[in-house]
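Student: Okay, handing you the structure first.
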Amino acid sequence: MPTELKASKYRCPKCGSGDFAITTTRWTCGSCGQAYACSAGIPKLFLDETLGAQDRKLRDTLYDGLFGRLYQVTMPAIVMPVRPLSMSWPYWSAFAVVWVVLLGLVAAVVRAATSPHGLVLGMISLAVLVLIALFLAKQRYLLHLLWVAVPAWLSLARRPFSPAESFPQVHERVLAPLRAAGRRLQVLDVSTGSCNSLYRHGWMSLDADYTAIDLSETMLKQGSDMMSDAGVPVDLVLGDAMALPFQDGQFDVVTSYGAVNGLTDPPKAIAEMARVAKPGGVLLFLDEQMYSDPTPVERAYFMRVLSAHNVIHRCPVEAFPPELTDVRVSQVYQFYYICTARKAGG
Ligand SMILES: C[S@@+](CC[C@H](N)C(=O)[O-])C[C@H]1O[C@@H](n2cnc3c(N)ncnc32)[C@H](O)[C@@H]1O
13 MPTELKASKY RCPKCGSGDF AITTTRWTCG SCGQAYACSA GIPKLFLDET LGAQDRKLRD
73 TLYDGLFGRL YQVTMPAIVM PVRPLSMSWP YWSAFAVVWV VLLGLVAAVV RAATSPHGLV
133 LGMISLAVLV LIALFLAKQR YLLHLLWVAV PAWLSLARRP FSPAESFPQV HERVLAPLRA
193 AGRRLQVLDV STGSCNSLYR HGWMSLDADY TAIDLSETML KQGSDMMSDA GVPVDLVLGD
253 AMALPFQDGQ FDVVTSYGAV NGLTDPPKAI AEMARVAKPG GVLLFLDEQM YSDPTPVERA
313 YFMRVLSAHN VIHRCPVEAF PPELTDVRVS QVYQFYYICT ARKAGG
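Numbering-wise, my numbering puts 246 at position 234 of the sequence shown, and it's gapless, one number per residue.
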């Protein structure tokens, strides 16, 4: 039986209306009639034809592909040079195995070419090497990770970095007043992916309702599984960060981790985050940005691996909308910033 959802936090991406007729499989805008599919309780509130080229490309080739399906493994592997060995040793072990296999294949080819023995093994090895080369030609960041991971790790290990304000300190600065707010808060996580960051970085300590949005079904499915395993109720939405399907001024807190720099139009996404924040609401987002003193090999790792899919490589403060005040950008790690800001008013 269809139900009416009026004056909700949601809005139709096509006409902006907040009236929806809702069934388990479909949300239909009461104003313009646009229908949006809904599956497993997750509405798909975006119009495919309005997606930016970069967002469509990353969704189709990365997040809905192998990288997204294996996200719990692929992401830690990419960041292993910046993580402590105690956390990243399984990935370094796998990395060593990859190198041993590659060198073994090359050795088999060389042996077949230079002696009368091992011709069949040499041919098979050559075929496997060609397939690997074709794969790496498409996944260039993995090709670069192969050569730059160890030099980057050695370089970073030689020069410890101490931030003026650390990752936990930035979070505590934002979270402490929110915990003391004395009312139930509304929290939105944009580009939530597997909901990992939303779950892990202190937001669960708030008295809050959670909403999380992402463009990739593959990623959001992992978020849905994780939050239901953790027993945390969350409203999940498939949608575009640059056209958030929410009414103005709905959220006390808007967060985003590891996404802003890679979107088609980062300033537009930040303007959208500001639009859906309540007056006086807080924005906190993290993404890649190089610290002031990188070595050439660290720069290569940053540009060719960590930030390879991004359209910008630092926090775009100069393009913030004027309603954002108290803007602070903290370089929390060698390659990551956190930006915090407050929406004027409230
Ligand atoms: C590197 S992942 C980060 C995921 C998560 N926030 C975390 O910290 O693990 C980037 C996420 O941005 C999402 N994304 C990319 N383009 C988007 C868009 N236009 N709108 C919403 N999400 C988008 C991807 O699907 C992916 O889940």
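Yeah, the Cβ is synthetic: ideal placement off N, Cα and C, and Gly gets one too. Nothing here was measured: the structure is a model prediction, and the numbers come from that model.
State the DSSP-derived secondary structure class of Gln198, mapped to helix, strand or coil.
Tutor: Secondary structure of Gln198 (DSSP, three-state): strand.
Student: Under a Cβ-count criterion, where at least 16 other Cβ atoms within 10 Å of its own Cβ denotes burial, should Arg170 be classed as buried or exposed?
Tutor: exposed
Student: What are the complete beta strand (DSSP E) segments, minimum 3 residues, inside the stretch 36–115?
Tutor: 38–41 and 47–51
Student: To which residues of the same chain is Val140 closer than 7 Å at the C-beta, ignoring the five residues directly before and after it?
Tutor: Setting aside the 5 residues that flank it on each side, Val140 is surrounded in the same chain by Leu117, each with a C-beta closer than 7 Å to its C-beta; the list follows chain order.
Student: Counting only the same chain and skipping the five closest in sequence on each side, list residues whose C-beta sits under 7 Å from that of Leu197.
Tutor: Leu190, Leu218, Asp219, Ala220, Asp264 and Val265
Student: What are the boundary residues of the alpha helix (DSSP H) that Phe147 is part of?
Tutor: Leu131 to Lys150
Student: Quick one: what does DSSP say Glu310 is sitting in, helix, strand or coil?
Tutor: Note: Glu310 maps to helix in three-state DSSP.
Student: Determine the closest residue to Ser319 out of Trp111, Leu157 and Val142, with distance taken between C-alpha atoms.
Tutor: Leu157
Student: With respect to the alpha helix (DSSP H) encompassing Val182, which residues constitute its N-terminal and C-terminal limits?
Tutor: Phe179 to Arg191
Student: Would you say the beta carbon of Gly270 comes nearer than 7 Å to a heavy atom of ligand 1?
Tutor: It does: the Cβ of Gly270 is within 7 Å (strictly closer) of some heavy atom of ligand 1.
Student: Comparing the CB of Ala331 with every heavy atom of ligand 1, is any distance shorter than 7 Å?
Tutor: no
Student: What does a CB cutoff of less than 6 Å around Ala19 pick up in its chain, not counting 5 residues either side in sequence?
Tutor: Its pLDDT being 49, under 50, Ala19 is placed unreliably by the model, and nothing is read from it.
Student: Tell me whether Glu183 is buried or exposed, calling it buried when 16 or more other Cβ atoms sit within 10 Å of its Cβ.
Tutor: The sequence given here has His at residue 183, not Glu. Around the CB of His183, 16 or more other CB atoms lie within 10 Å, so the residue is classed as buried.
Student: Which residue or residues does DSSP assign as beta-bridge partners of Cys351?
Tutor: Phe297 and Val341
Student: Which residue's Cα is closest to the Cα of His325: Glu177, Gln346 and Arg340?
Tutor: Gln346
Student: Asp221 by DSSP, collapsed to three states: which one?
Tutor: For Asp221, the three-state secondary structure derived from DSSP is strand.
Student: May I ask you to report which of helix, strand or coil DSSP gives Thr267?
Tutor: strand
Student: Between Ala161 and Lys280, what straight-line distance do the alpha-carbon atoms span, to the nearest angstrom?
Tutor: Taking the Cα positions, Ala161 is about 33 Å away from Lys280.
Student: Tell me which same chain residues have a C-beta within less than 8 Å of the C-beta of Ala176, skipping the five on either side of it?
Tutor: Hits under 8 Å: Ser342 and Gln343.
Student: Using a Cβ-based criterion (distance less than 7 Å to any ligand heavy atom), does Ser209 qualify as near ligand 1?
Tutor: yes
Student: Apart from the five residues on each side of it in sequence, which residues of its chain come closer than 8 Å, Cβ to Cβ, to Trp215?
Tutor: Leu187, Val199, Asp201, Tyr222, Val265 and Thr267
Student: Just to confirm before moving on: does the CB-CB distance between Cys207 and Met238 stay below 8 Å?
Tutor: yes
Student: Could you tell me which of Gly64, Leu70 and Arg38 sits nearest to Leu57, measuring between CA atoms?
Tutor: Arg38
Student: Below 7 Å, is the gap between the Cβ of Met216 and the nearest heavy atom of ligand 1?
Tutor: For ligand 1, not one heavy atom lies less than 7 Å from the Cβ of Met216.
Student: How long is the line joining the alpha carbons of Phe32 and Ala89, rounded to whole angstroms?
Tutor: 42 Å
Student: Beta-carbon separation of Pro334 and Ala283 under 8 Å?
Tutor: no
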